[in-house]
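Taken in order, these protein sequences are the chains called A and B. With the first letter of the first sequence counted as 1, position 58 gets the number 81 in this note's numbering; the numbers rise by one all the way through. With the first letter of the second sequence counted as 1, position 140 gets the number 325 in this note's numbering; the numbers rise by one all the way through. All residues carry an ideal CB built from backbone N, CA and C; glycine is no exception.
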Amino acid sequence: MNVVNKLTLRHLLLNKKRTLVTIIGVILSVSMVTAVTTFVASAQDMLIQDTINDRGNWHAKFQDIDAAKADVFLESEAVEQALFARNLGYAELMGSANEYKPYMFIQEFDKASIAELALELVDGRLPKQENEVVVSEHIRYNGGVEIKVGDKLDLAIGQRYSDGYPLGQDNPFSKADADGDGETLQPEFTREFTVVGIVARPWFEPYSAPGYTVITCFDRNSATTGPLDVRVRFKKINRSVYELGQELAAQAESPDYIEEDSGVFYLVRYNDTLLALYGVTGSEVFSNILTTFALIAIAIIMIGSISLIYNAFAISISERSRQLGMLASVGATSKQKRRSVFFEGLIIGLAGIPLGVLAGTVGMGITFSFVGPILANLVQSSAQLRLIVSPLAIVIAILFSMLTIFISAWIPARRAAKIAPIAAIRQSRDVKLTRRAVRTSWLTRLLFGFEATLALKNLKRNRSRFRATVVSLTVSIVLFLTVSAYATYVTVGSNMYTPGLNCDMEIAQRGMSKEERDFFAQVISLKQVEEYSYEQSCYGYMQVPAEMASDFLINKWGDPKEEYNYYIMLKSLDEKAFADLARAAGVGMDAFTSGKPAAIALNQFRMPWQGGYVESEVIKAPAGTELTVDLSSSFGERDQEISFIQEITLAGVTTEAPMGSSVWTDPLSLTLFVPETMFDQLLAGLPDEEQRYTGTLYINTSEPGLLEEKIRSMHQCDAGDFHIYNQAQAAQEEKQSKLLLTVFITGFILLITGICIANIINTITTSIALRRREFAMLKSVGMTPKGFNRMIRYESVFYGIKALSFGLPISLGINYLLYRAMSDGFQFPFTLPWNSYIVAVVSVFAIVFITMLYSSLKMKNENIIDSLKNWSA
Amino acid sequence: MEILRVENLAKVYGSGETAVRALDDVSLSVEKGEFVAIVGPSGSGKSTLLHILGGVDRPSSGQVFIDGIDIYKLNETKLAIFRRRQVGLIYQFYNLIPVLNVEENITLPLLLDERKVDKSRLSEIIGILGLGDRLGYLPNQLSGGQQQRVSIGRALINNPALVLADEPTGNLDSKNSTEIIELLKLSNKKYNQTLLVITHDQNIALQADRIITMADGRIEGDIRR
Chain A
24 MNVVNKLTLR
34 HLLLNKKRTL
44 VTIIGVILSV
54 SMVTAVTTFV
64 ASAQDMLIQD
74 TINDRGNWHA
84 KFQDIDAAKA
94 DVFLESEAVE
104 QALFARNLGY
114 AELMGSANEY
124 KPYMFIQEFD
134 KASIAELALE
144 LVDGRLPKQE
154 NEVVVSEHIR
164 YNGGVEIKVG
174 DKLDLAIGQR
184 YSDGYPLGQD
194 NPFSKADADG
204 DGETLQPEFT
214 REFTVVGIVA
224 RPWFEPYSAP
234 GYTVITCFDR
244 NSATTGPLDV
254 RVRFKKINRS
264 VYELGQELAA
274 QAESPDYIEE
284 DSGVFYLVRY
294 NDTLLALYGV
304 TGSEVFSNIL
314 TTFALIAIAI
324 IMIGSISLIY
334 NAFAISISER
344 SRQLGMLASV
354 GATSKQKRRS
364 VFFEGLIIGL
374 AGIPLGVLAG
384 TVGMGITFSF
394 VGPILANLVQ
404 SSAQLRLIVS
414 PLAIVIAILF
424 SMLTIFISAW
434 IPARRAAKIA
444 PIAAIRQSRD
454 VKLTRRAVRT
464 SWLTRLLFGF
474 EATLALKNLK
484 RNRSRFRATV
494 VSLTVSIVLF
504 LTVSAYATYV
514 TVGSNMYTPG
524 LNCDMEIAQR
534 GMSKEERDFF
544 AQVISLKQVE
554 EYSYEQSCYG
564 YMQVPAEMAS
574 DFLINKWGDP
584 KEEYNYYIML
594 KSLDEKAFAD
604 LARAAGVGMD
614 AFTSGKPAAI
624 ALNQFRMPWQ
634 GGYVESEVIK
644 APAGTELTVD
654 LSSSFGERDQ
664 EISFIQEITL
674 AGVTTEAPMG
684 SSVWTDPLSL
694 TLFVPETMFD
704 QLLAGLPDEE
714 QRYTGTLYIN
724 TSEPGLLEEK
734 IRSMHQCDAG
744 DFHIYNQAQA
754 AQEEKQSKLL
764 LTVFITGFIL
774 LITGICIANI
784 INTITTSIAL
794 RRREFAMLKS
804 VGMTPKGFNR
814 MIRYESVFYG
824 IKALSFGLPI
834 SLGINYLLYR
844 AMSDGFQFPF
854 TLPWNSYIVA
864 VVSVFAIVFI
874 TMLYSSLKMK
884 NENIIDSLKN
894 WSA
Chain B
186 MEILRVENLA
196 KVYGSGETAV
206 RALDDVSLSV
216 EKGEFVAIVG
226 PSGSGKSTLL
236 HILGGVDRPS
246 SGQVFIDGID
256 IYKLNETKLA
266 IFRRRQVGLI
276 YQFYNLIPVL
286 NVEENITLPL
296 LLDERKVDKS
306 RLSEIIGILG
316 LGDRLGYLPN
326 QLSGGQQQRV
336 SIGRALINNP
346 ALVLADEPTG
356 NLDSKNSTEI
366 IELLKLSNKK
376 YNQTLLVITH
386 DQNIALQADR
396 IITMADGRIE
406 GDIRR
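Shown next, in the form of structure tokens:
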């Protein structure tokens with residue numbers, strides 16, 4: 024070690040406390056960066072687990088490979104594992120309730136496929152022998168056929184054909200048309216199976232597959248016939264998997280290819296979601312979000328830590344300026360002086376980085392053990408958030424930390440290089456001090472006394488140090504208050520949201536049929552449904568003569584007509600809701616019990632009009648008017664021309680929309696409310712298959728997740744007009760994800776605040792230490808201990824006031840913006856986290872004061888003469 | 186009239202084998218208005234004596250009476266107040282406060298005492314010191330001689346019972362040294378100020394009313410002229 028470095032090291036050891044605080048700052052910074060990179064790695068791992076649990080652990084799939092070529096995959100160096108499967112064929116499912124799904128589809132899996140293809144066992148066990156099967160629970164829920172564990176299945180298995188072509192699971196069932204042309208099943212052999220387990224509907228069963236999945240076991244070695252489906256997992260996961268796929272397909276002579284000008288291109292299926300998570304394809308949105316999040320977090324950490332570490336180096340340099348000047352006077356070059364600063368950085372880094380990496384990893388591990396259960400509940404998957412110590416994550420963290428230290432040392436190093444020999448000779452450090460710099464107002468003296476003036480001048484003497492401290496404090500205040508405000512708005516927001524919910528779950532079916540009604544009845548009978556209400560609505564048209572049309576329509580809408588075509592929505596309300604509405608409209612319930620159709624109209628619309636809003640009646644009709652409504656419901660997919668005219672008496676009108684409804688935003692639409700029984704009565708004349716009204720079921724439940732799962736598995740999935748709106752689940756998930764976010768952000772802020780506090784301690788203790796001689800002198804001319812304390816207190820107060828005078832307005836501004844951004848969905852008045860504001864103000868003064876008091880305590884008891892001597896020596 | 190009396194003063198640094206007796210049974214008495222020079226080789230205990238007289242260091246044993254008050258019987262706060270009212274200290278290295286200007290440095294003891302500055306006394310002292318055109322300057326804008334004059338001003342502003350100077354010219358050239366000594370003598374004559382000066386300069390010593398010679402922590406000689 025050369026002499027310059029030796030001196031640097033000695034200087035660091037001499038200033039143990041400051042060196043230690045700087046190292047702690049570096050540890051905090053590194054541990055935060057490590058935490059961020061580790062979090063990203065762990066989140067990625069969790070998503071991978073989740074994807075594997077959902078869709079199996081494989082990368083590429085080759086279809087219809089000749090059994091004789093299977094060895095290609097087993098012998099390939101690039102393949103970690105090959106999974107084999109074979110399709111046996113279809114067998115009729117006797118008594119299937121779903122006419123589009125009349126079969127069972129039997130597949131054979133080898134042991135590896137059974138283990139790795141994410142079969143989710145609901146009951147029993149997975150098959151181990153060739154005569155054992157697991158069946159999809161969809162058979163029971165959707166097909167209505169009860170198959171239990173232990174049942175024996177005697178199946179006639181064969182292929183489906185249409186016009187002589189064989190059909191697969193990707194081809195939906197083609198029902199025989201009027202001429203009797205449809206697909207046929209031609210049984211080829213029979214096999215007997217024992218049902219050993221029930222599985223959830225597997226991910227690989229296509230949405231509109233005609234056969235329910237049944238899986239049995241086979242030994243690949245004895246299977247020498249038939250085309251095999253081969254899935255492989257590669258050893259190395261990178262972009263080369265696509266080329267490898269082509270190579271393997273060529274070697275195995277896959278029949279699945281297209282010929283292009285450039286040659287043969289094999290159609291290999293890839294598990295894209297999984298490959299994207301491994302970073303093979305870069306387009307995945309989620310990995311972008313993760314990366315962005317990580318980069319923003321690291322940027323904030325770097326700003327915080329650079330301000331700390333830079334400050335530490337700057338202080339060290341200004342203290343060592345005499346030493347460096349002395350070195351310069353005996354011939355140290357600029358390069359040597361500059362290097363001494365980087366050497367200091369190296370020492371700090373060597374001590375801080377390894378400890379930081381360790382602290383970050385351990386900290387994340389502890390955080391995960393707390394957060395993991397919440398998250399597992401939130402995403403409702405079997406994937407676990409486990410700590411992944413990825414070498415890449417640690418290398419990235421180390422690189423960022425080294426960069427941080429390097430940037431921090433850059434300016435001090437340049438300054439050190441410029442230190443001239445004269446610095447060693449100069450007595451005073453305050454060479455550059457000017458009168459203007461330390462000018463204070465007479466008001467300060469008048470209000471607070473001489474000690475306050477002295478305190479203020481002391482702050483002003485080293486502007487950059489003062490600024491660094493104030494900036495550190497300000498950043499801490501702003502970060503703390505922003506997070507508090509965020510947490511407040513999250514809580515207020517969810518509190519606003521939850522009572523507003525009038526149900527936990529909403530199930531809507533457009534185009535109700537008898538089946539759907541039965542299905543709704545089935546849903547209602549589930550034990551998870553605690554309360555429900557049912558609402559029906561359908562659409563129709565009404566020809567309205569000009570004298571009945573609204574004034575607005577005739578005079579302002581333009582295009583006056585003899586007759587207008589109105590759009591009608593007929594809605595049923597349950598007994599209580601309808602009675603409320605009737606009362607509001609001033610109509611007696613007698614009107615609806617006479618047996619003659621009668622309705623209450625929501626006779627109001629509101630629409631934007633010429634820069635403002637227009638609000639007006641929809642029709643001009645007195646109570647008792649007969650409305651002729653065509654309820655043929657001829658809308659939607661099936662465009663059939665049927666008329667279904669009904670006469671409905673207008674029993675009364677209202678201008679206030681009952682709950683669940685709203686006024687229309689155009690003058691040509693009218694909502695008619697009828698009681699439930701009348702709705703059925705009105706539509707009774709229509710043949711069943713034409714009753715395509717919308718049914719909505721509002722449900723209250725305490726197990727929204729389970730209920731949704733049940734309903735989904737019960738429902739025939741190929742109907743596209745079915746919707747489940749799981750508000751309770753959504754609200755709960757939102758709450759939990761916000762909680763999770765708050766946990767992470769709060770941890771983040773605590774650590775950032777830690778860095779800021781380290782910075783403040785560093786700055787203040789140094790500035791106090793540098794003023795040792797002055798303190799001694801002030802005492803020697805008769806400053807009392809009380810006066811000394813008062814001076815220190817005022818210095819703290821001024822630091823605090825300055826920091827708060829920046830921090831509070833900035834925080835207020837950010838809080839308001841946050842409020843604007845977050846109050847979007849809900850209406851709640853602007854509030855501030857007052858408690859946090861008080862905490863911030865108190866802690867700012869406390870931190871500064873305690874630091875100052877601590878660093879000046881030693882000095883207070885020091886011998887005046889020693890301090891004075893030390894200086895001139 | 187006796188302004189200062191020292192009885193059996195001793196100061197020991199360290200303990201046991203390594204103990205150093207900086208002052209060994211020193212007793213002396215100083216009359217008001219006396220100009221005393223303290224001379225002696227390095228390490229003879231001059232500075233220690235001066236510091237203990239000024240109330241900035243504590244003796245191991247013995248008593249110091251200034252104007253009849255046993256100053257080491259006072260508590261920390263009272264001693265500090267005593268210092269700023271009754272003692273003026275002048276150091277070799279001036280020890281001014283860098284953030285205060287000339288006027289504020291001179292009036293520092295008054296400011297600490299929260300007393301009103303006697304304008305006529307201030308302008309008189311500033312006039313004597315020749316700092317009239319430098320009042321707003323900060324210490325780093327002054328030469329060494331000027332800085333020492335500021336520290337003399339600070340020592341005199343309160344009209345203290347005792348002015349103690351530790352090699353006040355040790356850091357100055359001969360022209361500045363002469364001026365500083367003339368100022369001290371002037372204050373001694375004009376305000377009947379009691380003055381104790383440590384010096385290595387024979388010429389300065391010879392201008393004093395009394396020369397005390399120290400060696401090995403004891404008073405070796407005490408000559409009144």
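Suppose you measure from the CA of Leu111/A to the CA of Ile421/A; what does that come to, to the nearest Å?
C-alpha separation (whole angstroms): 55 Å.
Contact between the stretch 320-338 of chain A and the stretch 36-53 of chain A: three or more CB pairs below 8 Å?
Yes, since at least three Cβ pairs between the stretch 320-338 of chain A and the stretch 36-53 of chain A fall closer than 8 Å, the two stretches touch.
Assigned secondary structure, Ser451/A (DSSP; H/G/I helix, E/B strand, else coil):
Interpretation of Ser451/A is limited by its pLDDT of 46, a score under 50 that renders its predicted location unreliable; no figure is taken from the coordinates.
Can you say whether Met800/A is buried or exposed, counting buried as having 16 or more other CB atoms within 10 angstroms of its CB?
Here Met800/A is buried: its Cβ has 16 or more other Cβ atoms, across all protein chains shown, within 10 Å.
With 8 Å as the threshold, decide whether the Cβ of Lys40/A is near any Cβ in chain C.
You won't find chain C in this structure, because its protein chains are A and B.
Within the same chain, show all residues whose beta-carbon is closer than 7 Å to that of Ser197/A, passing over the 5 residues directly before and after it, in chain order.
Cβ within range, chain order: Ser185, Gly205 and Glu206.
Answer yes or no: does any C-beta atom of chain B fall closer than 8 Å to that of Glu367/A?
No, Glu367/A does not count as interfacial toward chain B.
Less than 6 Å between C-beta atoms, sequence neighbours within five positions excluded: which residues of the same chain meet that for Thr511/A?
In the same chain as Thr511/A, and ignoring 5 residues on each side of it, the C-beta atoms closer than 6 Å to its own belong to Pro856, in chain order.
List the residues of chain A that Ile282/B touches, going by C-beta distances under 8 Å, in chain order.
Under the 8 Å cutoff, chain A gives Leu477, Glu797, Met800 and Leu801.
Any idea if Ala896/A is buried or exposed, counting beta-carbon neighbours within 10 angstroms, 16 or more meaning buried?
Residue placement at Ala896/A cannot be trusted, given a pLDDT of 34 that sits under 50; what the coordinates show is reported in the next sentence. Flag for Ala896/A reads exposed.
Note the first and the last residue of the continuous beta strand (DSSP E) segment covering Phe278/B.
Premise fails: Phe278/B is in no beta strand (DSSP E) and is neither H nor E.
Are the Cβ atoms of Gly175/B and Leu369/B separated by less than 8 Å?
Here chain B comprises residues numbered 186 to 410, so residue 175/B is not present and cannot be evaluated.
Taking a cut of 7 Å between CB atoms, which residues from the stretch 478-492 of chain A lie near chain B?
Cβ contacts with chain B come from Lys480, Asn481 and Arg484.
Let's see if you can read the secondary structure: which residues bound the alpha helix (DSSP H) around Phe96/A?
Per DSSP, Phe96/A belongs to the alpha helix (DSSP H) from Asp94 to Glu98.
Counting contacts by CB-CB distance shorter than 8 Å, is Ala195/B in contact with chain A?
Not an interface residue.
Contact set between Thr807/A and chain B, taken where Cβ atoms lie within less than 7 Å
What Thr807/A touches in chain B: Thr262, Ala265 and Ile266.
Verify the contact flag: Leu693/A, CB atom, against every heavy atom of the ligand GDP, threshold strictly below 7 Å.
Ligands are entirely absent from the displayed structure, and the ligand GDP is therefore not among its contents.
Using a Cβ-Cβ distance under 8 Å, would Asn286/B count as near chain A?
Yes, contact with chain A.
First and last residue of the alpha helix (DSSP H) that includes His161/A?
Going by DSSP, His161/A is part of the alpha helix (DSSP H) stretching over His161 to Tyr164.
On the criterion of 16 or more Cβ atoms from any shown chain inside 10 Å, does Tyr113/A qualify as buried, or is it exposed?
Taking a 10 Å sphere around the C-beta of Tyr113/A, we find 16 or more other C-beta atoms and assign the residue as buried.
Determine the closest residue to Pro320/A out of Phe872/A, Val56/A, Ile46/A and Leu763/A, with distance taken between C-alpha atoms.
Correcting the residue identity first, residue 320/A is Ala in this sequence and not Pro. Nearest in C-alpha terms to Ala320/A, of all of Phe872/A, Val56/A, Ile46/A and Leu763/A, is Val56/A.
Give me, in chain order, the residues of the same chain whose beta-carbon lies closer than 6 Å to that of Ile338/A; leave out the 5 immediate sequence neighbours on both sides.
The residues are Thr789.
Taking Phe821/A as the reference, give the member of Ile780/A, Val867/A and Phe811/A with the closest Cα.
Of the candidates Ile780/A, Val867/A and Phe811/A, the one whose C-alpha sits nearest the C-alpha of Phe821/A is Val867/A.
Cβ-based burial, Thr247/A [other Cβ within 10 Å; buried from 16]:
By the neighbour-count rule (16 or more Cβ atoms within 10 Å), Thr247/A is not buried but exposed.
Contact set for Ala608/A: own chain, Cβ-Cβ below 7 Å, skip 5 residues either direction:
In the same chain as Ala608/A, and ignoring 5 residues on each side of it, the C-beta atoms closer than 7 Å to its own belong to Ile623, Gly675, Val676 and Thr677, in chain order.
Applying a beta-carbon distance threshold of less than 7 Å, which residues of chain A neighbour Arg339/B?
Here the neighbours are Val804.
Are the CB atoms of Gln130/A and Arg22/A within a distance shorter than 8 Å?
Given a span of 24 to 896 for chain A in the structure shown, any question on residue 22/A remains unanswerable.
Cβ neighbours of Arg268/B in the same chain (closer than 6 Å, five flanking residues each side left out):
Excluding the 5 residues flanking it on each side, Arg268/B has same chain C-beta neighbours closer than 6 Å at Gly240, in chain order.
Does any C-beta atom of chain B lie closer than 8 Å to the C-beta of Val820/A?
False, the Cβ-Cβ gap to chain B never drops below 8 Å.
Is the shortest distance between the beta-carbon of Arg269/B and the beta-carbons of chain A less than 8 Å?
Yes, Arg269/B counts as interfacial toward chain A.
Could you check if Thr451/B is buried or exposed, using at least 16 other CB atoms within 10 Å of its CB as the buried criterion?
This structure gives no information on residue 451/B, because the portion of chain B shown stretches from 186 to 410.
Residues that DSSP places opposite His746/A in a beta bridge
Answer by DSSP bridge pairing, in chain order: Ala531/A.
Is Tyr257/B closer than 8 Å to Arg270/B when the C-beta atoms are compared?
Result no, Cβ atoms of Arg270/B and Tyr257/B do not sit closer than 8 Å.
For Leu625/A, the first and last residue of its enclosing beta strand (DSSP E):
Bounds of the beta strand (DSSP E) holding Leu625/A are Ala621 to Leu625.
Could you spell out where the beta strand (DSSP E) holding Val237/A opens and where it closes?
Taken as a continuous stretch (DSSP letters only), the beta strand (DSSP E) holding Val237/A covers Gly234 to Cys240.
Would you kindly work out how many angstroms separate the C-alpha atoms of Arg899/A and Met737/A, rounded to a whole number?
This structure leaves residue 899/A out entirely; chain A is present only between 24 and 896.
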